[in-house]
Amino acid sequence: MTGELNIKRTEREKDLVLVKRAKRGDYRAFDLLVIKYQSRVVSVAFKYVKEVHLAEDISQEAFIKAYKALETFREESAFYTWIYRITANTALNYLSSKSRKHESSFSDLPLLGESDQLEVPSADSPEELLLAQDLREIISKEMSRLPEDTRTALSLREFEGLNYEEISKIMNCPVGTVRSRISRGREALQEVISSHLTESKNQKDTL
Amino acid sequence: MNEGIKEKISAMADGELSEFEVRRVLEEVEKDESYRNYWKLLQITRTSMAHESLGNLNSNISDRVKRELNKTIPNKLKDESELWSSKIFMGGSVAAGLVLVLTINFFSTPEFLEDSFSDDAQQKISQAIKSPEAMEVLNNSILGMDATLQKFNYDKNGGILANYSLPIEGKSFKVSMSPVHSTVTAKSEPNQQRVYIKTNKGVFVVSVSGNITDAKKSQILQNVNNFPKRTIKN
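Right, dumping it as structure tokens:
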């Protein structure tokens, strides 16, 4: 048998190099993690507080807490799980303090611990679901327009989860070529996605 | 924006850059704000492709977080001299002509859905997959097993899907062969194993799923790997 086990690279592993640098005080690395997860973190906060601006404030606070506590972050868990948990706890703290002020029933809300299950955020609002659906259709269409080699490399990466070396072996080309093809493919997709997002934003602004 | 930096940012998103290269990229990102937006778009693209929640895309709190933290925390590495070793990659396999990489995945099986590939592309894929050699790959996969074909379909992406049963054991399994691009609309199914086949018509995924043992699934894929003909023709 010529095959070997394939190890899919998880998001945890992909983030690890940035997490390690951020832990050593490199804010630039942390900034990229914020950009990567901010929209989903705001979604987590929104689930609790049901108001976008408040959810953004809570998310901001969660990221700041996370950066200050990075040294305590254990790298065997995923960064996103950790930040989602901090966000959920920050939101629960907020609701709890609010309830104390208003003497309502939020005071007994439990904070999430390390071992507690945390619901992975999903696109809840119809607007978010519609946008996600639109983007998937755009991507699917644009993928079909990509050159065969580019599309194959990108598909093996994104849909099959293979790493560059495995893709290079399947496609019988150097790893550098795989890296270029994937990058070119993504860039083509990003262009159409960017236009669509701008268009959506403009439409929303004119309403 | 520099193409080389964009390529490195893309590789960084896949965790495929060394620590040294990451440091270089971060320096470039710091110098040119447009790379931050490039990174953001890249994440949106990847998240969409993974069919994951995008969250609230209108929220941009990264600048606020940055401003707030910059007030109190210096933007410096604590120890620049610490360098991390490069990553070690797990290898796959190479064979001449027909290249197979056996993977043991327990997720993501093609549950074929409608897709929007161009007619030309679909026809090309279809021609390749409907060839006698492709069928032979599929037939070959169950060699030595007392399996009965229950159902056979061509899907809309140009793939083939065969349902088999093992009457003696009372178990069933699916073997599918499809162009790798068709997984753009695939849905997950647990306990699946797959191999990749490179042909002159592109890369195909052969997958096995069902309630048979992992050893049997491996045997099926092994049979595919032992397929004597090394090319798939029209």
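Protein chains in written order, with our numbering: chain P, 5 to 211; chain E, 2 to 235. Note that CB positions come from ideal geometry on N, CA and C, so glycine has one too. Please read these numbers as outputs of a predicted model, since none were measured by experiment.
Cβ of residue i within 7 angstroms of any heavy atom in the ligand NAD?
{"i": "E/H52", "result": "Of the ligands one can find in the structure shown there are none, so the ligand NAD has no counterpart to examine."}
Please classify residue i as buried or exposed, where buried requires at least 16 neighbouring CB atoms within 10 angstroms.
{"i": "P/M147", "result": "buried"}
{"i": "E/G171", "result": "exposed"}
{"i": "E/M2", "result": "exposed"}
{"i": "E/D147", "result": "exposed"}
{"i": "E/I126", "result": "Low per-residue confidence applies at E/I126: pLDDT is 49, beneath 50, and the placement is therefore not dependable, though the value from the model is reported in the following sentence. Buried, since its Cβ has 16 or more Cβ neighbours within 10 Å."}
{"i": "E/R68", "result": "exposed"}
{"i": "P/N167", "result": "buried"}
{"i": "E/D215", "result": "exposed"}
{"i": "E/K9", "result": "buried"}
{"i": "P/F50", "result": "buried"}
{"i": "E/I169", "result": "exposed"}
{"i": "P/D35", "result": "buried"}
{"i": "P/F163", "result": "buried"}
{"i": "E/G16", "result": "buried"}
{"i": "E/G5", "result": "exposed"}
{"i": "P/R78", "result": "exposed"}
{"i": "E/T48", "result": "buried"}
{"i": "E/K218", "result": "buried"}
{"i": "P/E203", "result": "exposed"}
{"i": "P/K18", "result": "buried"}
{"i": "E/G211", "result": "buried"}
{"i": "P/S199", "result": "exposed"}
{"i": "E/E34", "result": "exposed"}
{"i": "P/K60", "result": "A small correction: the amino acid at residue 60 of chain P is Glu; Lys does not occupy that position in the sequence shown. Looking at its Cβ environment, which holds 16 or more other Cβ atoms inside 10 Å, P/E60 is buried."}
Let me know the secondary structure DSSP gives residue i once reduced to three states.
{"i": "E/Q161", "result": "Position check: residue 161 of chain E holds Ile in this sequence, whereas Gln was assumed. Three-state result, E/I161: strand."}
{"i": "E/T200", "result": "strand"}
{"i": "E/P180", "result": "strand"}
{"i": "E/R195", "result": "strand"}
{"i": "E/N154", "result": "strand"}
{"i": "E/F21", "result": "helix"}
{"i": "P/L150", "result": "coil"}
{"i": "E/G5", "result": "helix"}
{"i": "P/G165", "result": "coil"}
{"i": "P/S129", "result": "coil"}
{"i": "E/G211", "result": "strand"}
{"i": "E/T149", "result": "strand"}
{"i": "E/S166", "result": "strand"}
{"i": "E/S173", "result": "strand"}
{"i": "P/S103", "result": "helix"}
{"i": "E/S94", "result": "Residue placement at E/S94 cannot be trusted, given a pLDDT of 29 that sits under 50; what the coordinates show is reported in the next sentence. Reduced to three states, the DSSP call for E/S94 is coil."}
{"i": "E/K218", "result": "helix"}
How about residue i and residue j: do their beta carbons lie closer than 8 angstroms?
{"i": "E/V209", "j": "E/Q223", "result": "no"}
{"i": "E/L43", "j": "E/S63", "result": "no"}
{"i": "P/S47", "j": "E/G56", "result": "yes"}
{"i": "P/N97", "j": "E/K199", "result": "no"}
{"i": "E/K7", "j": "P/E191", "result": "yes"}
{"i": "P/R140", "j": "P/F83", "result": "no"}
{"i": "P/A66", "j": "P/T85", "result": "no"}
{"i": "P/I87", "j": "P/Y31", "result": "no"}
{"i": "E/L70", "j": "P/Y71", "result": "yes"}
{"i": "P/A157", "j": "P/G180", "result": "no"}
{"i": "E/V204", "j": "E/V176", "result": "no"}
{"i": "P/E75", "j": "P/K24", "result": "no"}
{"i": "P/P178", "j": "P/S172", "result": "yes"}
{"i": "P/T91", "j": "P/I68", "result": "no"}
{"i": "E/I258", "j": "P/I197", "result": "With chain E covering only 2 through 235, there is no way to say anything about residue 258 of chain E."}
{"i": "P/R89", "j": "E/S54", "result": "no"}
{"i": "E/L139", "j": "E/M178", "result": "yes"}
{"i": "E/V225", "j": "E/V196", "result": "yes"}
{"i": "P/Q207", "j": "E/V66", "result": "no"}
{"i": "E/Y39", "j": "E/E29", "result": "no"}
Could you tell me how far apart the beta carbons of residue i and residue j are, in whole angstroms, since I believe they sit closer than 8 angstroms?
{"i": "P/L133", "j": "E/L58", "result": "The pair is not a contact, with the Cβ atoms about 12 angstroms apart (cut-off 8 angstroms)."}
{"i": "P/L20", "j": "P/Y52", "result": "P/L20 to P/Y52, Cβ: 28 angstroms. No contact."}
{"i": "E/L162", "j": "E/N154", "result": "5 angstroms"}
{"i": "E/S142", "j": "E/I221", "result": "5 angstroms"}
{"i": "P/D138", "j": "P/R185", "result": "About 26 angstroms separates the two Cβ atoms, so there is no contact after all."}
{"i": "P/I143", "j": "E/K41", "result": "About 16 angstroms; that fails the 8 angstroms criterion."}
{"i": "P/L193", "j": "P/I174", "result": "P/L193 to P/I174, Cβ: 21 angstroms. No contact."}
Of all Cβ atoms in chain A, is any one closer than 8 angstroms to the Cβ of residue i?
{"i": "E/D33", "result": "Of the chains in the structure shown, none is chain A; the protein chains are P and E."}
Can you give, in chain order, each stretch of the alpha helix (DSSP H) that sits fully within the region 50 to 90 of chain P and has at least 4 residues? 56 to 72
Would you list, in sequence order, the uninterrupted alpha helix (DSSP H) runs of no fewer than 4 residues that lie entirely inside the region 25 to 66 of chain E? If one requires a minimum length of 4 residues, the alpha helix (DSSP H) runs lying completely within the region 25 to 66 of chain E are 35 to 50, in chain order.
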